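Residue numbers (the working numbering), protein chains in the order written: chain D, 21 to 290; chain E, 2 to 424. Following: one structure in structure tokens, then a few remarks.
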Amino acid sequence: MRATIKLLVVGALIVGFALPCYAAKIVIEGSTTVLPIAQKAAEVFMDKDGKADISVRGGGSSVGIASMIDGTCDIAGASRAIKDSELDKAIANSRNPVAHVVAMDGIAVIVNPSNNVNALTKKQVKDIYTGKISNWADVGGKNEQIVIISRDTPSGTYEAFGELALEKDKVRPDALLQASNQAVASVVSRTPGAIGYVGLGYVNSAVKAVTVNGIMASKETVLSGTYPISRPLFMYTNGQPSGEVKAFMDFVKSSEGQRIAEEQGFVGLK
Amino acid sequence: MKKVVVMFLLTGLMCIGGAIDFSHAGEIDLLLQKLVDKGVLTPGEAQQVRTETKEEMRKEIVQGKSETLPGWLQTMKLKGDFRFRVQNNHPKTAGQSENERLRARIRLRLGLEAKVNDQLLVAAGFATGTTDTSSADAARSTNQTLGDSFAKKAINLDYAYAQYTPVGWAVFTAGKMKLLPWEPADLIWDTDITPEGAAVQLSKNINSKTTIFFTSMLGVIDELSSESSDPVMYVLQPGVQYQLSDTVSLKGAFSYYDFANIKGRALDGSTGTNSHSSGSYLRYNYRPISPAIEIGIKEPFKAIGINVPYASLFGEYVNNIAISSKNKSGYALGFKVGAEKIQKWGDWDLKYIYAMLEKDAVPDILPDSDRYGGKTGIRSHEVMFNYGLSKNTFFGVDVYRSWALASAQAPETIVQLDWNMKF
């Protein structure tokens with residue numbers, strides 16, 4: 021009987037130690053803004069490294085950071101820096117969140133090329149999108165109604181614009197919502213009184229980007245942090261990454277990884 | 002590699018140079034720009050170094066390990082709030098003669114938290130109010146009425162406790178605690194009460210949508226030198242929080258309370274509305290059970306073009322299972338619309354609660370002191386409106402209209418106009 025118990029205990033220990041090795045996969049969880057970078061990077065990384073097994077899911081920055089603190093994910097995607105309260109919790113849980121900037125998020129404000137307005141302040145952008153300003157004449161343009169074009173609410177760009185430009189206020193309810201950055205640029209290019217916002221990678225010759233607080237959206241102004249509607253995007257790991265997690269983080273920060281970030285509409289760091 | 006070296010040097014420089022709160026950020030930006038201009042770093046690498054260095058510094062300060070600030074400053078937090086209130090009470094007695102009262106009141110609360118180590122903190126709070134234990138306000142109010150020929154006002158110990166967090170999902174608290182079981186409609190507890198004793202709180206994310214929590218508390222109600230069986234309170238509250246979708250969340254809990262050894266005793270702060278055997282001695286012990294639920298919805302009226310950020314519906318029920326007679330239950334139902342949290346100018350919320358509490362549902366030392374003076378055996382409507390004036394300050398109007406269930410007393414109306422400031 022004792023031998024059987026010993027056998028069971030030893031067996032359980034072997035299975036207990038072996039299971040994590042067998043199931044050694046990387047779990048990424050968090051920000052829906054960072055999600056497209058994580059998904060595409062994971063896909064390409066797994067193609068290159070046949071042994072890698074990466075699971076990617078959204079849920080939001082708070083969920084990702086909470087999971088990293090609880091130890092249920094290896095990498096937390098976050099469109100904001102970790103909060104002091106989350107750092108407190110991490111420290112209490114003997115965790116050491118290490119920030120990795122994986123791309124920059126910059127959102128350009130665009131108008132129809134026929135519009136004579138070239139510059140807006142951040143406050144004017146907010147007032148236009150929240151409905152306080154509804155005519156271009158109020159910001160130095162022609163006497164023409166402003167047509168508001170916005171991304172739809174599930175979009176990460178909508179969320180980022182709401183936080184960075186509108187200070188969490190809501191876009192006026194009669195705005196025309198579009199399902200993609202390309203669609204926003206297309207509608208603005210065809211509508212004389214329109215204003216829209218798109219990821220920096222989607223500005224093209226059919227639309228005109230305006231300066232915000234005197235600064236034009238560009239890779240340089242976003243990377244230097246001077247363009248007001250920009251922010252860093254993070255992945256957090258528990259301590260300095262090692263093993264497969266390090267290999268993946270190195271890949272995300274590599275030229276190839278940064279190219280993936282640019283393909284998803286963000287500003288790469290390389 | 003060069004990026005790692007630059008980041009290491011910058012972090013070291015900030016520590017040695019006494020750069021606190023990133024006040025040298027401008028100089029660091031200049032240094033990074035020079036490195037970019039000389040081709041040592043790309044603009045992207047400079048941004049990476051700038052941001053990751055700041056994040057490392059923040060972490061060090063939160064951990065209290067930075068050499069740039071005195072340890073006590075890094076491990077202590079001071080917070081507080083001040084409220085100026087104008088309150089009108091308009092009660093009617095049995096004879097229908099009106100007895101109006103208009104008061105100016107203030108509330109000042111100061112709280113201090115100090116980290117003993119990474120797992121242990123000590124917190125203390127001080128607040129205005131009275132310590133006259135014969136009054137219901139001693140435990141249930143931090144208001145100070147202005148008057149008495151400009152007399153100085155007292156500040157009392159509101160709470161003082163130690164909190165141990167061995168792992169992120171478990172918190173142990175002991176002392177006079179700023180901690181109450183969760184309830185959405187304030188049916189059982191006045192939120193100013195700070196229970197005394199010890200508590201365990203467990204909270205765990207089961208998956209990305211579900212969090213389970215459990216609160217257990219042992220509270221000291223009174224200590225009698227002549228008795229071996231002092232009045233105590235036991236609380237068990239399991240609960241769950243579930244994200245039904247991106248916009249809809251659900252929180253529910255079931256509470257079990259056991260107020261033991263209070264039968265035959267007179268409790269401090271009692272409003273005298275529980276059943277008594279003789280004089281002010283309680284006839285019963287109290288073991289209320291209480292299920293409660295709250296549903297929160299983000300942008301609930303978006304489909305019809307109305308921009309309201311948040312709405313919630315909530316309810317609770319209580320039943321004292323220690324007795325079999327009548328008048329032992331209660332319930333509250335309510336809703337809230339507006340901002341989830343008042344943070345800036347123009348944020349607003351509107352809340353309504355209907356509450357009914359029979360005379361022996363809970364001990365009468367607990368209920369909201371604004372609902373008919375904190376008595377049991379009442380029903381009450383409450384409408385509350387808050388409006389953000391700027392960051393950390395908001396204006397509020399709170400109106401109660403309450404009735405006694407059993408007696409012939411007519412309704413009491415309370416109107417409170419509040420100017421709130423947090424710091």
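Where a beta carbon is used, it is the ideal one built from N, C-alpha and C, also for glycine. Note that the structure is predicted; figures quoted are calculated from it, not measured.
- The Cβ of Ile74 (chain D) sits no closer than 7 Å to any Cβ of chain E.
- The Cβ neighbour count for Val208 (chain D), taken over all protein chains shown within 10 Å, is at least 16; the residue is labelled buried.
- Approximately 7 Å separates the beta-carbon atoms of Asp125 (chain D) and Thr53 (chain D); this is inside 8 Å, confirming the contact.
- Residue state for Leu245 (chain E) is assigned as coil, using DSSP reduced to three classes.
- Not flagged as an interface residue toward chain E: Val145 (chain D), since no C-beta distance is shorter than 7 Å.
- Taking 7 Å as the cut-off, the Cβ atoms of Gly389 (chain E) and Lys345 (chain E) count as close.
- In this structure the region 196 to 207 of chain D does not touch the region 301 to 313 of chain E; the number of beta carbon pairs closer than 8 Å is below three.
- Three or more Cβ pairs closer than 8 Å define a contact, and the region 254 to 272 of chain D falls short of that threshold against the region 159 to 170 of chain D.
- Among the residues facing chain D, Gln242 (chain E) is not included, as its CB has no counterpart in that chain under 7 Å away.
- Here the alpha carbons of Met269 (chain D) and Gln49 (chain E) stand approximately 14 Å from one another.
- By alpha-carbon distance to Val227 (chain D), the top candidate from D:Gly263, D:Asn233, D:Ser75, D:Gly216 is D:Gly216.
- Each residue's CA atom was taken as its position, placing Glu179 (chain D) and Pro232 (chain E) some 53 Å apart.
- Taking 7 Å as the upper bound on Cβ-Cβ separation, chain E lies near residues Lys190, Pro193 of the region 189 to 201 of chain D.
- Remark: fewer than three beta-carbon pairs, one from each stretch, lie closer than 8 Å, so the region 113 to 121 of chain D and the region 133 to 153 of chain D are not flagged as touching.
- The CB of Lys60 (chain E) comes closer than 9 Å to the CB of Ile102, Leu107, Ala110, Ile111, Asn116, Pro117, Val118, Ala119 in chain D, given here in chain order.
- The three-state secondary structure of Trp346 (chain E), taken from DSSP, is coil.
- Sequence-distant partners of Lys154 (chain E) (beyond 5 residues in either direction) whose C-beta falls short of 8 Å from its own C-beta, in its chain, are Ile107, Thr129, Gln145.
- Contact check for Arg141 (chain E) against Asp223 (chain E) fails: the beta carbons are separated by 7 Å or more.
- Using a Cβ distance threshold of 7 Å, Leu418 (chain E) and Val398 (chain E) count as a contacting pair.
- A straight line joining the alpha-carbon of Gly316 (chain E) with that of Asp138 (chain E) spans about 26 Å.
- Flagged as an interface residue toward chain E: Val83 (chain D), by a C-beta distance shorter than 7 Å.
- DSSP places Ala200 (chain E) within a strand segment (E or B) once states are collapsed to three.
- The Cβ atoms of Ala128 (chain D) and Val242 (chain D) lie no closer than 7 Å to each other.
- In the assembly as shown, Phe395 (chain E) is a buried residue. Its beta-carbon has 16 or more other beta-carbons within 10 Å.
- Between Tyr282 (chain E) and Arg266 (chain E) the beta-carbon gap is near 6 Å, inside 8 Å, which marks them as a contact.
- When the five nearest sequence neighbours on each side are left out, the beta carbons in the same chain lying within less than 8 Å of the beta carbon of Thr132 (chain E) are those of Ala139, Ala155, Asn157, in order along the chain.
- Scanning its chain for C-beta atoms nearer than 7 Å, with the 5 sequence neighbours on each side dropped, one finds around Ser51 (chain D) the residues Gly80, Ser81, Gly84, Gly97, Ala98, Ser99, in chain order.
- Arg279 (chain D) counts as exposed, since fewer than 16 other C-beta atoms from the protein chains shown sit within 10 angstroms of its C-beta.
- For Arg84 (chain E), no alpha helix (DSSP H) encloses it; the enclosing beta strand (DSSP E) starts and ends at 77 to 91.
- Burial state of Glu28 (chain E) is exposed, judged by a 10 Å Cβ sphere holding fewer than 16 other Cβ atoms.
- Only exposed fits Gln260 (chain D), as fewer than 16 other CB atoms lie within 10 angstroms of its CB.
- Using a CB distance cut-off of 7 Å, Ile57 (chain D) does not count as an interface residue toward chain E.
- Looking at E:Phe215, E:Met234, E:Ser403, the one whose alpha-carbon comes closest to that of Pro196 (chain E) is E:Met234.
- Not one beta carbon of chain E lies nearer than 7 Å to the beta carbon of Pro261 (chain D).
- For Lys152 (chain D), DSSP records no beta bridge to any residue.
- When E:Phe85, E:Glu341, E:Leu109, E:Lys39 are compared, the shortest CA-CA separation from Gly297 (chain E) is found for E:Glu341.
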